[in-house]
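The structure under discussion appears below in the form of structure tokens.
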Amino acid sequence: DVKVTQSSRYLVKRTGEKVFLECVQDMDHENMFWYRQDPGLGLRLIYFSYDVKMKEKGDIPEGYSVSREKKERFSLILESASTNQTSMYLCASSSLMNTEAFFGQGTRLTVV
Amino acid sequence: AQSVAQPEDQVNVAEGNPLTVKCTYSVSGNPYLFWYVQYPNRGLQFLLKYITGDNLVKGSYGFEAEFNKSQTSFHLKKPSALVSDSALYFCASRYGNNRLAFGKGNQVVVIP
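Sequences listed follow chains P and S, in order. The first sequence maps to residues 1 to 112 in my numbering. The second sequence maps to residues 1001 to 1112 in my numbering.
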């Protein structure tokens, strides 16, 4: 089975901190994604990577950056955390062959 | 723009009754459509997908979905709902470079 693992289930950070969310997948998938989930808004794409060191902005990239130095790992960085970034963050991966994405368990981030 | 709409916020159904969760789509070209389920504080789990072929798609846990091109719909169905089916359901469509656009989600409540 495909496994997508996010490094933390719950995080509490202070306003202004630099925050790193890590995601690792074990199926050699080319594509990796970071989504943000908020009630009533569904999932919104923050960033997308289709290869090592390659990235594309999603719908809401402001205040975020990403890093993909290795194929299996995709990191989301909050440069200076703010309270409006309190949310559930979901990482996903997919291959070029399979069209569906596989998700990690999510990281619930609270910024205080 | 590619988008999916889930017109109902919540669906209540009695255990043993048929369950339908509605989704309409707006995509250019041939649609690639998906359903995912999310249990509390968990990531999304893939249920089923429509790529091409039969309009009735069968998926995990007894769910199926009917693709209707004339009505641009992709409704999720289950003949007999279980209490354990209570969860958040998301419809999604693929666009661009393997990105997924998600609906806002439907909370399904199965009443014992």
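Each residue gets a CB set at the ideal place from its N, CA and C atoms; glycine is no exception.
Taking 9 Å as the cut-off, decide whether the C-beta atoms of residue i and residue j are in contact.
i: W1035 (chain S); j: V1013 (chain S); result: no
i: F1102 (chain S); j: R14 (chain P); result: no
i: P1031 (chain S); j: R1094 (chain S); result: yes
i: F33 (chain P); j: I77 (chain P); result: no
i: E30 (chain P); j: Y47 (chain P); result: no
i: L1044 (chain S); j: L90 (chain P); result: yes
i: K1078 (chain S); j: D1009 (chain S); result: no
With a threshold of 6 Å on Cβ separation, who are the neighbours of residue i within its own chain once the five nearest residues in sequence on each side are excluded?
i: S1073 (chain S); result: T1024
i: R73 (chain P); result: V24
i: Q1006 (chain S); result: C1023, C1091, G1103, K1104, N1106
i: S67 (chain P); result: S75
Give the straight-line distance between the Cα atoms of residue i and residue j, rounded to the nearest whole angstrom.
i: D38 (chain P); j: S87 (chain P); result: 6 Å
i: E1015 (chain S); j: G1059 (chain S); result: 20 Å
i: E69 (chain P); j: V111 (chain P); result: 27 Å
i: S93 (chain P); j: F1046 (chain S); result: 12 Å
i: G1029 (chain S); j: V52 (chain P); result: 29 Å
i: Q1092 (chain S); j: E22 (chain P); result: The sequence shown places Ala at residue 1092 (chain S), rather than the Gln named in the question. C-alpha separation (whole angstroms): 24 Å.
i: R9 (chain P); j: S1070 (chain S); result: 42 Å
i: Q1002 (chain S); j: N1068 (chain S); result: 17 Å
i: G106 (chain P); j: N84 (chain P); result: 18 Å
i: S7 (chain P); j: G104 (chain P); result: 10 Å
i: T1052 (chain S); j: L1033 (chain S); result: 10 Å
i: N1041 (chain S); j: D1054 (chain S); result: 34 Å
i: L96 (chain P); j: G1096 (chain S); result: 12 Å
i: N1118 (chain S); j: Y1089 (chain S); result: Here chain S comprises residues numbered 1001 to 1112, so residue 1118 (chain S) is not present and cannot be evaluated.
Please compile the residues from chain C whose C-beta is within a distance smaller than 8 Å of the C-beta of residue i.
i: L41 (chain P); result: As a matter of chain content, chain C is missing from the structure shown, whose protein chains are P and S.
Excluding sequence positions up to five away, which residues of its chain have a Cβ less than 8 Å from the Cβ of residue i?
i: L1082 (chain S); result: E1015, V1110
i: D1085 (chain S); result: L1019, Y1061, K1078, V1108, V1110
Please work out which residues of its chain come closer than 7 Å, Cβ to Cβ, to residue i, disregarding the five sequence neighbours upstream and downstream, and give them in chain order.
i: E100 (chain P); result: S94
i: V4 (chain P); result: C23, Q25, C91, A92, S93, F102, F103, G104
i: L1056 (chain S); result: E1064, E1066
Mind listing which residues of the stretch 74–89 of chain P have their C-beta closer than 9 Å to chain S's C-betas, in chain order? Within the stretch 74–89 of chain P, those residues whose Cβ lies closer than 9 Å to any Cβ of chain S are, in chain order, M88.
Anything in the stretch 1032–1048 of chain S with a Cβ closer than 8 Å to a Cβ of chain P? List those residues in chain order, please. So the list reads Y1032, F1034, Y1036, N1041, R1042, G1043, L1044, Q1045, F1046, given in the order they occur along the chain.
Using a Cβ-Cβ cutoff of 7 Å, what residues of the stretch 1071–1100 of chain S are near chain P? List them in chain order. From the stretch 1071–1100 of chain S, only F1090, R1094, N1097, N1098, R1099, L1100 have a Cβ closer than 7 Å to chain P.
Check whether the stretch 1052–1071 of chain S touches the stretch 1103–1110 of chain S, taking contact to mean three or more Cβ pairs, one atom from each stretch, closer than 8 Å. Contact between the stretch 1052–1071 of chain S and the stretch 1103–1110 of chain S is absent, because fewer than three Cβ pairs lie under 8 Å.
Is there contact here, the stretch 9–26 of chain P with the stretch 48–59 of chain P, by at least three beta-carbon pairs under 8 Å? At 8 Å Cβ cutoff, the stretches do not touch.
Check distances from the C-beta atoms of the stretch 95–106 of chain P to those of chain S and list, in chain order, the residues that come in under 8 Å. Shown in chain order are the members of the stretch 95–106 of chain P whose Cβ falls below 8 Å from a Cβ of chain S: L96, T99, E100, A101, F102, F103, G104, Q105, G106.
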